[in-house]
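Colleague: Take a look at this one; I'll ask things after.
Residue numbers (the working numbering): 34 to 417.
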């Protein structure tokens, strides 16, 4: 079996991740922040160490400004609900995931939020020159996927942030596809909110993710998405003002965060730049091979420096579902086909409503695996 669906979730996980999760359950399974006994203290320590590791990776000076959530979608909803007020104007790119578009559409209907889309090019790129005028008058927020989950196209976050801040808008960078896979930092990107997934590039378990808050964000001015017990300020029925408790309520996913911490440390020990170089070499091998196959069209940026390792393609006259099924059933190659929860992105690149076949290698894929994928595709494409 060859797993080529790392853009959906990483697999397999490093052994260190599994070990950390089992060790947490066996030795540190108390409820962190809710009791003073040794198991509770041990659990709290592990979660804080994970928070420190994520903060270091993202260039966040204060680890308490890293907020853990169920996943990146949860984090995006948290930021949107916390920052937007009735009638506010939001600018998004033409490559956004439904994790962004669905909550915004709901808020447009219920609260009169104005959603303005900056059109994307056919390769998934965003024309920065078109974004500036859309931020007027008085946009409240700019939302941009740092990398498309369809084409892997990287957005110029530094330029977009500069434009947004000049217009008085906040910036939400959806880095679900890039944290752990591309060297980034919240300060360099200029984002006010940097959303990350725990189970993709960071190699943690499902049910982990979060958002890092920029130094300029006043957390006390943001409304929490969910209210409840925090283990702190229990004498009050009002939510606490301090971080991270203002946004982290109820019993946390301690075992998941233990695994996430191990995943982050694995990524740090191997080096994000080194991991990216290796995956981009695999991408180059894959794209060069795809271009030799008759009828295959690769969708995405021509310059590899402008992308992650994600590769999307279609085959003229062939159903993407059929191709995906044959790769799985005949060759044990696992990929994702269709719209990838990003119909707007597919409209932008001209592959709606059928979608594409998406191949996304990860850190445990070898060049020989890519050779096997190309060999299988050669046979699949040749079949009438």
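All residues carry an ideal CB built from backbone N, CA and C; glycine is no exception.
Remember, predicted model here, so these are calculated numbers, not experimental data.
Which residues does DSSP list as the beta-bridge partners of residue 207?
Modeller: Within the chain shown, the letter at position 174 stands for residue 207. Answer is 178 and 228.
Colleague: For residue 395, collect the residues of the same chain with a Cβ closer than 6 angstroms to its Cβ; drop the 5 residues on either side in sequence, then sort them by chain order.
Modeller: Stepping through the chain shown from its first residue, residue 395 is reached at position 362. Contacts found: 39 and 43.
Colleague: With residue 351 and residue 214 assumed to form a contact (beta carbons below 8 angstroms), what rounded beta-carbon distance in angstroms separates them?
Modeller: Within the chain shown, residue 351 is the residue found at index 318, counting from 1. Within the chain shown, residue 214 is the residue found at index 181, counting from 1. About 29 angstroms; that fails the 8 angstroms criterion.
Colleague: What residues in its chain sit with their C-beta under 7 angstroms from that of residue 413, if we drop five residues either side in the sequence?
Modeller: By 1-based counting over the chain shown, the position of residue 413 is 380. 356, 359 and 360.
Colleague: For the beta strand (DSSP E) holding residue 147, just list the boundary residues, first then last.
Modeller: Here residue 147 refers to the residue found at position 114 when the chain shown is read from its first residue. That run of the beta strand (DSSP E) goes 147-151.
Colleague: For the beta strand (DSSP E) holding residue 345, just list the boundary residues, first then last.
Modeller: What you label residue 345 is simply residue 312 of the chain shown in a count that begins at 1. Element bounds for residue 345: 344-348.
Colleague: Tell me, which residues are paired with residue 22 by DSSP?
Modeller: Look at the range of the chain in this structure, 34 to 417, and you will see that residue 22 is not part of it.
Colleague: For residue 367, collect the residues of the same chain with a Cβ closer than 8 angstroms to its Cβ; drop the 5 residues on either side in sequence, then sort them by chain order.
Modeller: The residue labelled residue 367 in the question sits at position 334 within the chain shown. If we look at residue 367 and ignore the five residues flanking it on each side, its Cβ neighbours are 34, 35, 36, 37, 38, 360 and 361.
Colleague: So, are the CB atoms of residue 100 and residue 244 less than 8 angstroms apart?
Modeller: Walking along the chain shown from the start, residue 100 turns up at place 67. Walking along the chain shown from the start, residue 244 turns up at place 211. A contact, by the Cβ cut-off of 8 angstroms.
Colleague: Less than 7 angstroms separating the Cβ of residue 217 from some heavy atom of the ligand FAD?
Modeller: Looking at this structure, you won't find the ligand FAD or any other ligand, since it has none at all.
Colleague: Report yes if the C-beta distance between residue 110 and residue 284 is below 8 angstroms; otherwise report no.
Modeller: Here the question's residue 110 lines up with position 77 in the chain shown. Here the question's residue 284 lines up with position 251 in the chain shown. No, Cβ-Cβ distance for residue 110 and residue 284 is not below 8 angstroms.
Colleague: Does any CB atom of chain D fall closer than 8 angstroms to the CB of residue 69?
Modeller: The chain inventory of the structure shown lacks chain D, comprising one protein chain alone.
Colleague: One question on the structure: do residue 210 and residue 232 come within less than 8 angstroms of each other, judged by their Cβ atoms?
Modeller: Reading the chain shown from its first residue, position 177 is the one you call residue 210. Reading the chain shown from its first residue, position 199 is the one you call residue 232. No; because the gap between Cβ atoms is not below 8 angstroms, this pair is not in contact.
Colleague: Do residue 259 and residue 319 have their beta-carbon atoms positioned less than 8 angstroms apart in this structure?
Modeller: By 1-based counting over the chain shown, the position of residue 319 is 286. By 1-based counting over the chain shown, the position of residue 259 is 226. No; because the gap between Cβ atoms is not below 8 angstroms, this pair is not in contact.
Colleague: In whole angstroms, what separates the C-alpha of residue 229 from that of residue 321?
Modeller: Locating residue 229 in the chain shown gives position 196, where the first residue counts as 1. Locating residue 321 in the chain shown gives position 288, where the first residue counts as 1. For residue 229 and residue 321, the distance between alpha carbons rounds to 30 angstroms.
Colleague: Per DSSP, what kind of secondary structure is residue 385 in: helix, strand or coil?
Modeller: Reading the chain shown from its first residue, position 352 is the one you call residue 385. Looking at residue 385 - three-state DSSP - the assignment turns out to be coil, as it is neither helix nor strand.
Colleague: For residue 354 and residue 53, I'd like the C-alpha separation in whole angstroms.
Modeller: On the chain shown, residue 354 is found 321 positions in, with the first residue counted as 1. On the chain shown, residue 53 is found 20 positions in, with the first residue counted as 1. Roughly 37 angstroms between the two C-alpha positions.
Colleague: So if DSSP puts residue 419 in a beta bridge, which residue, or which two residues, is it bridged to?
Modeller: The chain is shown only over 34 to 417; residue 419 falls outside these bounds and no answer can be derived.
Colleague: Once the 5 residues before and after residue 335 are set aside, which same chain residues still bring their CB inside 8 angstroms of it?
Modeller: For the purposes of this step, residue 335 is taken as residue 302 along the chain shown, with counting starting at 1. 156.
Colleague: Closest by CA to residue 185, which one among 386, 393 and 192?
Modeller: To locate residue 185, count along the chain shown from 1; it is residue 152. The shortest Cα separation from residue 185 among 386, 393 and 192 belongs to 393.
Colleague: Run the CB neighbour count on residue 242, radius 10 Å, all protein chains shown included, and call it buried at 16 or more, exposed below.
Modeller: Along the chain shown, read from residue 1 onward, the residue named residue 242 stands at position 209. It counts as buried.
Colleague: Reducing DSSP to helix, strand and coil, say where residue 302 ends up.
Modeller: Along the chain shown, one-based indexing puts residue 302 at 269. Three-state result, residue 302: helix.
Colleague: Do you know offhand how far residue 349's Cα is from residue 373's?
Modeller: Position 316 of the chain shown, counting from 1, holds the residue named residue 349. Position 340 of the chain shown, counting from 1, holds the residue named residue 373. If I take the Cα positions, the gap works out to 20 angstroms.
Colleague: Are the Cβ atoms of residue 177 and residue 206 separated by less than 8 angstroms?
Modeller: Here residue 177 corresponds to residue number 144 of the chain shown, with the count starting at 1. Here residue 206 corresponds to residue number 173 of the chain shown, with the count starting at 1. Yes. Within cutoff.
Colleague: Should residue 315 be labelled buried (16 or more other beta-carbon atoms within 10 Å of its own) or exposed?
Modeller: On the chain shown, residue 315 is found 282 positions in, with the first residue counted as 1. Answer is buried; the Cβ neighbour count reaches 16.
Colleague: Between residue 255 and the rest of its own chain, which residues show a CB-CB distance below 6 angstroms, the 5 nearest in sequence each way excluded?
Modeller: By one-based count along the chain shown, residue 255 stands at place 222. For residue 255, where only same-chain residues beyond five positions count, the Cβ hits under 6 angstroms are 115.
Colleague: Short of 6 angstroms in beta carbon distance, which residues of its chain neighbour residue 131, apart from the five on each side in sequence? Order them along the chain.
Modeller: The residue you call residue 131 lines up with position 98 of the chain shown. Contacts found: 374.
Colleague: Using 8 angstroms as the threshold, is the C-beta distance between residue 87 and residue 297 below it?
Modeller: Counted from its first residue, the chain shown places residue 87 at position 54. Counted from its first residue, the chain shown places residue 297 at position 264. Cβ distance < 8 angstroms, so residue 87 and residue 297 count as in contact.
Colleague: Would you mind working out which of 226, 293, 68 and 407 sits nearest residue 247, comparing C-alpha positions?
Modeller: Position 214 of the chain shown, counted from the first residue, corresponds to residue 247. The shortest Cα separation from residue 247 among 226, 293, 68 and 407 belongs to 226.
Colleague: Residue range of the beta strand (DSSP E) that residue 246 falls in?
Modeller: Along the chain shown, one-based indexing puts residue 246 at 213. First-last of the beta strand (DSSP E) with residue 246: 242-246.
Colleague: Please report the residue range of the beta strand (DSSP E) in which residue 369 lies.
Modeller: In the chain shown, the residue the question calls residue 369 occupies position 336. 369-371 is the span of the beta strand (DSSP E), which, as asked, contains residue 369.
Colleague: Are residue 167 and residue 149 closer than 8 angstroms when you measure CB to CB?
Modeller: By 1-based counting over the chain shown, the position of residue 167 is 134. By 1-based counting over the chain shown, the position of residue 149 is 116. Yes, these two residues count as a Cβ contact at 8 angstroms.
Colleague: Leaving out five residues before and five after residue 239 in sequence, what residues of the same chain have Cβ atoms less than 6 angstroms from its Cβ?
Modeller: Start at 1 with the first residue of the chain shown, and residue 239 comes out as number 206. Excluding sequence neighbours, residue 239 sits near 232.
Colleague: State the start and end residues of the unbroken alpha helix (DSSP H) segment that holds residue 250.
Modeller: Numbered from its first residue, the chain shown carries residue 250 at position 217. It is not in any alpha helix (DSSP H) - residue 250 carries neither H nor E in the DSSP assignment.
Colleague: What does DSSP give as the partner residues of residue 36 in its beta bridges?
Modeller: Your numbering for residue 36 matches position 3 in the chain shown. According to DSSP, residue 36 bridges with 367.
Colleague: Taking buried to mean at least 16 other C-beta atoms within 10 Å of its own C-beta, is residue 47 buried or exposed?
Modeller: Position 14 of the chain shown, counted from the first residue, corresponds to residue 47. By the neighbour-count rule (16 or more Cβ atoms within 10 Å), residue 47 is buried.
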